[in-house]
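A.B. asks:
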Amino acid sequence: MKAEIFVKLKSEVLDPQGKAVSGGLKNLGFEGVKDVRVGKYIVLSLDDKMPIEEAGKKVQDMCEKLLVNTVIEEYAFRIEG
Amino acid sequence: MFAIVVFPGSNCDHDCYHAVKHVIGRPARFLWHKETVIDKDIKCVVLPGGFSHGDYLRAGALARFSPIIKAVTDFAKDGGFVVGICNGFQILLESGLLPGAMLRNRALKFICKDVFVRAANVKKTPFTATYTEGRVIRLPIAHAEGNYYADAGTIDELKTHNQIIFNYCDKDGNISDEANPNGALLNIAGISNKQGNVLGMMPHPERASEEILGNSDGRALFQSIAQHIEGA
Amino acid sequence: MKEPLITEELIKEHGLTPDEYGRIVSILGRTPMFTELGIFSVMWSEHCSYKSSRLHLKKLPVDAPWVIQGPGENAGVIDIGDGLAAVFKMESHNHPSYIEPYEGAATGVGGILRDIFTMGARPVASLNSLRFGPLSDPYHKHLFGGVVSGIAGYGNCIGVPTVGGEIYCHPCYAGNILVNVFNVGIVKKDKIFYGKASGDGNLIIYAGSKTGKDGIHGVTMASEEFTDDAQQKKPNVQIGDPFTEKLLLEACLEAMDKGLIVGIQDMGGAGLTSSSSEMAGRAETGVELELSLVPLRAEGMIPYEIMLSESQERMLLVVERENKDALIDIFKKWDLDAVVIGKVGGDGFLRVNWHGKMAAEIPATKISTDAPIYDRPSKRPTNQDELNTLDLSKVPDITNSGNDALKKLLASPSIASKELVWQQYDHMVRTDTIVRPGSDAAVVRVKGTKKALAMSVDCNSRYCWLDPYLGAVHAVCEAARNVACSGALPLAVTDNLNFGNPEKPEVMWQFIGAIEGIKDACIALNTPVISGNVSLYNETKGDAIFPTPTIAIVGVLEDADRALTQWFKAAGDVVMLIGQTKEELGGSEYLSLCHGIERGLPPTIDPLKEKALHSVLIKLNAQGLLKSAHDCSEGGLAVTAAESAFGFLIGAEIDLGASSLRADALLFGESATRVLISATAENADIVEAAVVAAGLPIARIGKTGGDILRIKAKDMTLIEMPVSELKSIYDTSLERGLNQNEHI
Numbered sequence: 033m034k035a036e037i038f039v040k041l042k043s044e045v046l047d048p049q050g051k052a053v054s055g056g057l058k059n060l061g062f063e064g065v066k067d068v069r070v071g072k073y074i075v076l077s078l079d080d081k082m083p084i085e086e087a088g089k090k091v092q093d094m095c096e097k098l099l100v101n102t103v104i105e106e107y108a109f110r111i112e113g
Numbered sequence: 024m025f026a027i028v029v030f031p032g033s034n035c036d037h038d039c040y041h042a043v044k045h046v047i048g049r050p051a052r053f054l055w056h057k058e059t060v061i062d063k064d065i066k067c068v069v070l071p072g073g074f075s076h077g078d079y080l081r082a083g084a085l086a087r088f089s090p091i092i093k094a095v096t097d098f099a100k101d102g103g104f105v106v107g108i109c110n111g112f113q114i115l116l117e118s119g120l121l122p123g124a125m126l127r128n129r130a131l132k133f134i135c136k137d138v139f140v141r142a143a144n145v146k147k148t149p150f151t152a153t154y155t156e157g158r159v160i161r162l163p164i165a166h167a168e169g170n171y172y173a174d175a176g177t178i179d180e181l182k183t184h185n186q187i188i189f190n191y192c193d194k195d196g197n198i199s200d201e202a203n204p205n206g207a208l209l210n211i212a213g214i215s216n217k218q219g220n221v222l223g224m225m226p227h228p229e230r231a232s233e234e235i236l237g238n239s240d241g242r243a244l245f246q247s248i249a250q251h252i253e254g255a
Numbered sequence: 006m007k008e009p010l011i012t013e014e015l016i017k018e019h020g021l022t023p024d025e026y027g028r029i030v031s032i033l034g035r036t037p038m039f040t041e042l043g044i045f046s047v048m049w050s051e052h053c054s055y056k057s058s059r060l061h062l063k064k065l066p067v068d069a070p071w072v073i074q075g076p077g078e079n080a081g082v083i084d085i086g087d088g089l090a091a092v093f094k095m096e097s098h099n100h101p102s103y104i105e106p107y108e109g110a111a112t113g114v115g116g117i118l119r120d121i122f123t124m125g126a127r128p129v130a131s132l133n134s135l136r137f138g139p140l141s142d143p144y145h146k147h148l149f150g151g152v153v154s155g156i157a158g159y160g161n162c163i164g165v166p167t168v169g170g171e172i173y174c175h176p177c178y179a180g181n182i183l184v185n186v187f188n189v190g191i192v193k194k195d196k197i198f199y200g201k202a203s204g205d206g207n208l209i210i211y212a213g214s215k216t217g218k219d220g221i222h223g224v225t226m227a228s229e230e231f232t233d234d235a236q237q238k239k240p241n242v243q244i245g246d247p248f249t250e251k252l253l254l255e256a257c258l259e260a261m262d263k264g265l266i267v268g269i270q271d272m273g274g275a276g277l278t279s280s281s282s283e284m285a286g287r288a289e290t291g292v293e294l295e296l297s298l299v300p301l302r303a304e305g306m307i308p309y310e311i312m313l314s315e316s317q318e319r320m321l322l323v324v325e326r327e328n329k330d331a332l333i334d335i336f337k338k339w340d341l342d343a344v345v346i347g348k349v350g351g352d353g354f355l356r357v358n359w360h361g362k363m364a365a366e367i368p369a370t371k372i373s374t375d376a377p378i379y380d381r382p383s384k385r386p387t388n389q390d391e392l393n394t395l396d397l398s399k400v401p402d403i404t405n406s407g408n409d410a411l412k413k414l415l416a417s418p419s420i421a422s423k424e425l426v427w428q429q430y431d432h433m434v435r436t437d438t439i440v441r442p443g444s445d446a447a448v449v450r451v452k453g454t455k456k457a458l459a460m461s462v463d464c465n466s467r468y469c470w471l472d473p474y475l476g477a478v479h480a481v482c483e484a485a486r487n488v489a490c491s492g493a494l495p496l497a498v499t500d501n502l503n504f505g506n507p508e509k510p511e512v513m514w515q516f517i518g519a520i521e522g523i524k525d526a527c528i529a530l531n532t533p534v535i536s537g538n539v540s541l542y543n544e545t546k547g548d549a550i551f552p553t554p555t556i557a558i559v560g561v562l563e564d565a566d567r568a569l570t571q572w573f574k575a576a577g578d579v580v581m582l583i584g585q586t587k588e589e590l591g592g593s594e595y596l597s598l599c600h601g602i603e604r605g606l607p608p609t610i611d612p613l614k615e616k617a618l619h620s621v622l623i624k625l626n627a628q629g630l631l632k633s634a635h636d637c638s639e640g641g642l643a644v645t646a647a648e649s650a651f652g653f654l655i656g657a658e659i660d661l662g663a664s665s666l667r668a669d670a671l672l673f674g675e676s677a678t679r680v681l682i683s684a685t686a687e688n689a690d691i692v693e694a695a696v697v698a699a700g701l702p703i704a705r706i707g708k709t710g711g712d713i714l715r716i717k718a719k720d721m722t723l724i725e726m727p728v729s730e731l732k733s734i735y736d737t738s739l740e741r742g743l744n745q746n747e748h749i
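Residue numbers (this note's numbering), protein chains in the order written: chain G, 33 to 113; chain C, 24 to 255; chain A, 6 to 749.
1. Enumerate in chain order the residues of its own chain whose CB-to-CB distance from A/L258 is below 7 angstroms, with the five nearest sequence positions on each side excluded.
2. Kindly say whether A/P247, judged by its beta-carbon, lies nearer than 8 angstroms to any beta-carbon of chain C.
3. Please classify A/H432 as buried or exposed, where buried requires at least 16 other C-beta atoms within 10 Å of its C-beta.
4. Pull up the distance between the alpha-carbon of A/K239 and that of A/G217, whole angstroms please.
5. Examine chain C for any beta-carbon lying closer than 8 angstroms to the beta-carbon of G/L98, and answer yes or no.
6. How many angstroms separate the CA atom of C/V28 from the CA atom of A/G711?
7. Say whether the segment 575 to 593 of chain A touches the segment 545 to 560 of chain A, bearing in mind that this needs 3 or more beta-carbon pairs closer than 8 angstroms, one atom from each stretch.
8. Would you mind sorting A/E747 into buried or exposed? The rule is 16 or more other CB atoms within 10 Å of its CB.
9. Against chain G, with Cβ distances strictly below 8 angstroms, would C/E117 count as a contact?
10. Should A/I378 and A/L60 be called a contact, given that it needs their Cβ atoms to be closer than 8 angstroms?
11. Taking only beta carbons into account, state which residues of the segment 44 to 76 of chain C come closer than 7 angstroms to chain A, listed in chain order.
12. Quick check on C/L236 - is its C-beta less than 8 angstroms from some C-beta in chain A?
13. Using only alpha-carbon positions, find the residue among C/A86, C/F74 and C/I160 that is nearest to C/S239.
14. So if DSSP puts G/Y107 in a beta bridge, which residue, or which two residues, is it bridged to?
15. Name the chain A residues whose beta carbon is nearer than 8 angstroms to that of C/C35?
16. For chain C, find out if any of its Cβ atoms is closer than 8 angstroms to the Cβ of G/N59; answer yes or no.
17. Comparing alpha-carbon positions, which option in A/A69, A/A80, A/K94 and A/D142 lies nearest A/G742?
18. Would A/A575 be called buried (16 or more neighbouring beta carbons within 10 Å of its own) or exposed?
19. Return the bridge partner residues of A/N503 from the DSSP annotation.
20. One question on the structure: do A/G200 and A/N393 come within less than 8 angstroms of each other, judged by their Cβ atoms?
21. Between the segment 656 to 670 of chain A and the segment 602 to 618 of chain A, do at least 3 Cβ pairs fall closer than 8 angstroms?
22. Would you grab the beta carbon distance between A/K251 and C/G83 for me? Rounded to a whole angstrom, and I think it's under 8 angstroms.
23. In whole angstroms, what separates the C-alpha of C/A243 from that of C/A42?
24. Taking 7 angstroms as the cut-off, is the CB of G/A35 close to at least one heavy atom of the ligand SAH?
25. Taking the CB atoms as reference points, tell me whether C/P163 and C/A231 lie closer together than 8 angstroms.
Okay, structure coming up:
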């Protein structure tokens with residue numbers, strides 16, 4: 033079982049990296065990019081025997097406690113069996 | 024007695040020890056991050072700079088789960104003095120002992136240089152009590168994630184309770200965007216908790232404590248807290 | 006991976022010649038097994054065996070009363086008094102950095118740090134010497150940014166300050182950049198550790214990161230020319246983990262302090278192969294390994310891969326059996342793996358087993374003693390005479406103002422301020438840096454003593470190209486001059502010899518000339534070469550780099566409070582020039598930049614005069630008679646004066662008086678063994694007398710003060726510019742160069 037977690041800065045927080053990438057894309061001639069947000073992608077390999085609801089709860093707990101700083105970041109995740 | 028916490032990846036632990044022990048001549052010892060007790064004789068805990076746990080995931084994110092942080096939290100609750108410098112400040116933020124968070128520097132680069140900061144609300148913390156209000160001091164910074172952020176409500180709280188202790192400024196004390204090295208909100212370089220016994224700051228006072236280093240503006244911070252402890 | 010059969014093709018793929026393969030067969034007395042072939046191939050690669058250079062390296066002076074350890078160990082060691090020793094070395098990571106600049110440079114830093122702390126020393130300061138192609142090339146902008154971030158990323162994280170270095174950009178490096186990294190550490194004289202597997206029956210312990218498939222045959226890559234498919238070599242590049250190295254550093258130093266280690270060596274280039282065989286070779290013992298005990302990161306690895314992996318942040322330790330548990334406990338405390346993987350044997354064999362089955366059995370000392378040594382043919386390039394001719398009558402002199410030329414020179418990436426770069430390096434951590442980057446030499450105090458170490462890295466490769474011998478003499482003398490300008494006595498050298506393909510006689514000629522130059526200069530200055538590195542095959546599609554024998558020198562400053570910098574300190578001081586200015590424009594930055602000419606001969610240089618200069622500088626500074634001292638090199642006197650003015654924005658009025666020399670030679674000529682100093686008016690006479698007594702020319706050429714830099718000569722005002730305007734050009738040029746045609 034695999035959990036994929038996506039972490040990005042909250043929309044109200046300035047993302048200096050996203051800004052730089054946005055400028056870079058413009059310089060390379062890519063038009064039509066309105067905004068760039070750079071985030072993190074975390075993959076967890078989980079014990080296959082774990083019930084999916086329990087896995088969901090655990091992953092959420094992991095996000096809140098360690099993987100995400102909720103002062104500046106928000107997250108989403110999906111679990112695949 | 025001062026205690027300097029050593030996390031795996033602490034780099035400024037020996038520098039802080041040197042500043043306390045050899046520059047201002049006060050007793051100091053190291054505290055390993057796996058320790059769980061802060062002895063009674065320890066009056067001030069220093070969380071030093073460095074790259075605890077490699078700064079992997081986020082600066083300070085992993086260090087906050089070191090056993091010692093629980094002890095530091097209790098120590099602070101009981102009124103013990105805690106100062107976090109650079110990575111130590113980041114750890115205080117991650118562990119919730121201070122509000123807010125650090126973003127990457129707006130130029131996305133590590134910056135190591137001398138900056139000017141203006142001391143405000145100096146009576147709020149015993150670390151700054153001997154600085155005069157509004158004094159401009161020169162201190163080195165060395166970080167990649169020192170771009171302080173907090174939501175508007177938190178910033179209001181900080182202001183209301185006089186918790187903003189250092190702001191980046193120019194040599195004349197003007198707090199301007201040009202004088203802001205990393206993009207920190209309100210040029211914030213250091214804040215305290217509401218009670219004033221916990222201070223977090225990005226600049227390194229221990230690197231500016233001796234004439235031979237070309238700068239001793241930071242020494243007063245260590246002297247100030249030492250005098251306070253001895254007077255208490 | 007499955008083990009292939011040993012075929013002619015496989016032998017060739019391993020970079021072994023038929024003759025070299027013949028040697029292997031005669032050492033073993035049989036056909037090698039696959040793992041053995043791999044072991045010989047890396048140990049006999051140019052990178053590990055120095056087969057093209059060894060014959061010539063032997064000529065270098067390596068002894069002095071203060072030398073504790075010369076070449077042949079992980080790093081060289083000198084006595085610095087107070088019961089302490091300085092351990093230092095320089096190493097290249099050129100090829101990996103061209104392919105993947107961030108990781109290439111980062112792992113270069115990691116490697117040199119391991120060389121220092123395996124000797125028991127705590128690393129205290131790093132330098133680097135970087136060379137790129139023109140920054141107008143977007144790929145070189147990318148390389149520049151990547152290399153600088155890589156050095157910063159690793160050095161900052163591990164908490165060792167990067168206190169100085171040099172950066173040059175020249176088209177000769179367009180296909181092969183150079184990344185040379187230097188580190189110095191400090192150790193108690195009686196606590197130095199060596200890479201020796203001594204004591205029959207002692208245990209071999211593996212510590213640090215797990216072994217993966219990264220970097221297999223990295224050293225063979227460093228021993229080949231690049232072709233068009235350099236990018237395809239990416240899998241060879243290792244990834245650095247500075248955090249793990251920090252833990253390894255602390256754990257090793259703690260274990261050494263407790264006396265738990267007999268011998269130690271890092272697993273860098275050629276990994277477990279070189280560490281195990283070299284440790285056995287040095288101790289004249291044997292080593293027996295069971296590879297199934299090695300912590301692995303990748304699945305399905307075979308002995309060949311485990312022996313050749315260049316995974317970073319790993320150490321091989323030799324311990325006595327009764328200390329095993331205590332040692333493992335220390336590594337556990339630092340969250341590191343440490344496991345027994347074998348033992349020291351008494352019969353001189355390197356034995357590698359895999360689940361009890363023999364994978365290699367080689368007489369350990371023979372790997373080095375029977376390694377091929379080549380006396381490769383050398384030949385002076387046919388165009389060298391042509392290159393050395395310079396007809397100045399066709400070069401227009403400066404007739405009224407040299408302002409434009411000065412501005413151009415100050416904006417050149419080789420001269421302009423590198424603040425943009427060193428601001429990304431933590432150059433203050435450890436609170437020892439008393440002269441920060443930007444002055445001639447960096448100075449780092451030694452806590453617990455009155456002393457400081459001064460260090461500088463240098464090489465003018467254009468000089469070396471025009472005349473390898475003279476160029477190398479200049480490199481040694483200038484690095485030493487920089488150290489002396491801080492008031493310190495230069496004590497020893499570490500070198501990084503970067504050259505093209507040694508199989509070309511012209512490259513060999515350059516190499517031999519440079520060695521002779523280093524030798525003569527080091528003998529004259531009494532600065533032996535105590536460690537170093539050779540990087541050959543710096544060629545792409547047949548084009549070699551300029552010969553670049555990078556020299557780093559460490560010196561001792563007896564009184565740290567007396568550290569001298571290059572900047573004018575106050576108005577009203579007397580400005581003096583020590584040394585003689587001749588009409589020497591050959592190979593100068595000025596001719597290259599302002600006239601597009603790269604030819605002629607480098608300036609003449611006399612290392613004995615150079616030694617006299619250093620002695621008098623050190624003596625005068627110890628007496629507190631000097632306010633500033635700045636070496637005159639690239640860009641000549643005018644650039645030197647401008648840089649001296651920048652520190653505190655103090656100008657100067659300089660008059661060089663009447664002269665038969667060309668005006669541009671007076672301003673921008675690079676005559677050697679010259680230093681621009683300032684002293685108070687009261688002390689000027691004493692200073693002058695001391696320099697004259699030392700047999701060196703000295704001239705009072707002006708006074709500090711004001712906010713203008715004015716240089717007159719031959720009744721003309723040749724330079725007249727506000728210092729702040731010059732400084733702004735100097736400060737911003739590199740950034741502008743990097744930002745033009747911004748490319749991500």
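Positions of the beta carbon are idealized from the N, C-alpha and C atoms, including for glycine.
C.D. replies: From the atom records:
1. F122 and R127
2. Interface residue, yes.
3. buried
4. Low confidence applies here, because A/K239 scores a pLDDT of 49, under 50, leaving its location unreliable; read the following figure in that light. Rounded to whole angstroms, A/K239 to A/G217 spans 15 angstroms at the Cα level.
5. Taking Cβ atoms only, chain C reaches closer than 8 angstroms to G/L98, which makes this a yes.
6. 50 angstroms
7. no
8. Residue placement at A/E747 is flagged as unreliable, the pLDDT there being 45, under the threshold of 50; the coordinate-derived value follows with that caveat. Its Cβ having fewer than 16 others within 10 Å, A/E747 is exposed.
9. C/E117 counts as touching chain G.
10. yes
11. G73, F74 and H76
12. Chain A places a beta carbon closer than 8 angstroms to that of C/L236, counting this residue as a contact.
13. C/I160
14. G/V39
15. G164 and V434
16. no
17. A/D142
18. exposed
19. A/S540 and A/T553
20. no
21. no
22. That belief does not hold up - the Cβ atoms of A/K251 and C/G83 are roughly 16 angstroms apart, past 8 angstroms.
23. 11 angstroms
24. Annotation note on the ligand SAH: not contained in the displayed structure, which lists no ligands.
25. A contact, by the Cβ cut-off of 8 angstroms.
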